[in-house]
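Notes to accompany the following structure.
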Amino acid sequence: MELHDRLQRLLDQHDLLCGVVLSNTGRELARAGDFGALDRDGLLSTLLGPRGSGRATYGLMQPDEKIRPALMEEGDEFAFLELIDQTMVVVFGRERKEGMAHYLFSRQVGATILAEFGAEAPVPIEILSPPAATPENELCGCPPGQPIKLMQTLTYNPIHCLQCNQEVRPETLALTPELMQAVARWRDVYDAIDRLWLDGGDYETWAEAELSNLESSVNRQGRQLQASLNRLRRCYYYGFQGRISAAGLCPLCSQAMIALKSGPAHQLLCEGCSLVFFRPEAGPGIPANA
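In the numbering used here, the protein residues as written are 13 to 302.
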């Protein structure tokens, strides 16, 4: 299949505006979509010219990049960049999703890029092997005693630092065997529902409703675990993105939440309900707490 056809299918599947395939010299091998929908002086100019260049954009990513695909944004425009062998796929869109939802959307797009443009590459045996341990540079390095949050992100350890968003070493929390087993059981159930939502198939609507509803079985179990973890260290429970309004009110108690800037994204906290959300595009009425 021609590169243009693969690229167009990628755009259609994820409602993206346009995209290009670049060689390792920055030369365009294919393009598809409506480039007229982008600001000529915005992200398009930064990545493809005249302000930037395709060659410079190709050099933005390394093969061992930790966050894949790479995410870029400018104004209300965004782009995802992914390396495939000696080429780079760059796709553009508008009106980015909120917080963690945008990151998860990028993972969906990245999976489609690999399926469309990496189909001829051999499938690594690791795909059916147990996952490797989390690298040291992806573990929390904050001072001891920082608040934590229970948040499943398709990894084995769903306990994260509130400040840096990285995984917290379980051995630093004095977890009992019973609590560790309960966290692992909850992780498996939440992960299964999360993957159904990410798959975007027949179960997507049901899975989104389960994740969004704080009174669903998986969220009730998660909030009970948060309360148990809170006895060891101040802990919050991550609420799925869909429940937050631009006004920043807690979906449980309807009180205004506090905006905390930490890690790669803004977060909203409800101290009374011990909930944390990645905040939507901030409205002027949300109080900030640096």
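Here a beta-carbon is modelled for each residue, glycine too, at the ideal position from N, C-alpha and C.
A residue is called buried when at least 16 other Cβ atoms come within 10 angstroms of its Cβ; residue 50 meets this threshold and is buried. If you draw a 10 Å sphere on the C-beta of residue 89, you find 16 or more other C-beta atoms in it, and that means buried.
DSSP places residue 89 in the uninterrupted beta strand (DSSP E) bounded by 89-96. Note on geometry: alpha-carbon atoms of residue 35 and residue 193 lie some 48 Å from one another.
Closest by C-alpha distance to residue 155, out of 227, 224, 174, 163, is 174.
Going by DSSP, residue 171 is part of the beta strand (DSSP E) stretching over 171-173.
Rounded to whole angstroms, the gap between the alpha carbons of residue 240 and residue 218 is 28 Å. In the three-state reduction of the DSSP assignment, residue 79 falls in the coil class, being assigned neither a helical nor a strand state. Excluding sequence positions up to five before and after residue 58, its CB lies within less than 7 Å of the CB of 64, 86, all in the same chain and listed in chain order. When the alpha-carbon of residue 79 is set against those of 104, 66, 114, 43, the nearest one is in 114. Annotated three-state conformation of residue 47 is helix, per DSSP. In the DSSP assignment, residue 115 falls within the unbroken alpha helix (DSSP H) covering 112-129. Your pair residue 29 and residue 105 checks out as a contact, with CB atoms roughly 6 Å apart and the cut at 8 Å. For residue 99, the uninterrupted beta strand (DSSP E) segment begins and ends at 99-106. Taking a cut-off of 8 Å for Cβ pairs, the stretch 204-224 and the stretch 176-195 do not touch, as fewer than three such pairs fall below it. When DSSP states are grouped into helix, strand and coil, residue 140 belongs to the helix group. Residue pairing by DSSP puts residue 248 in a beta bridge opposite 161.
DSSP places residue 193 within a helical segment (H, G or I) once states are collapsed to three. Closest in alpha carbon position to residue 238, among 178, 164, 216, 260, is 164. Here residue 86 is bridged, per DSSP, to 89. Collapsing the DSSP output to three states places residue 260 in coil.
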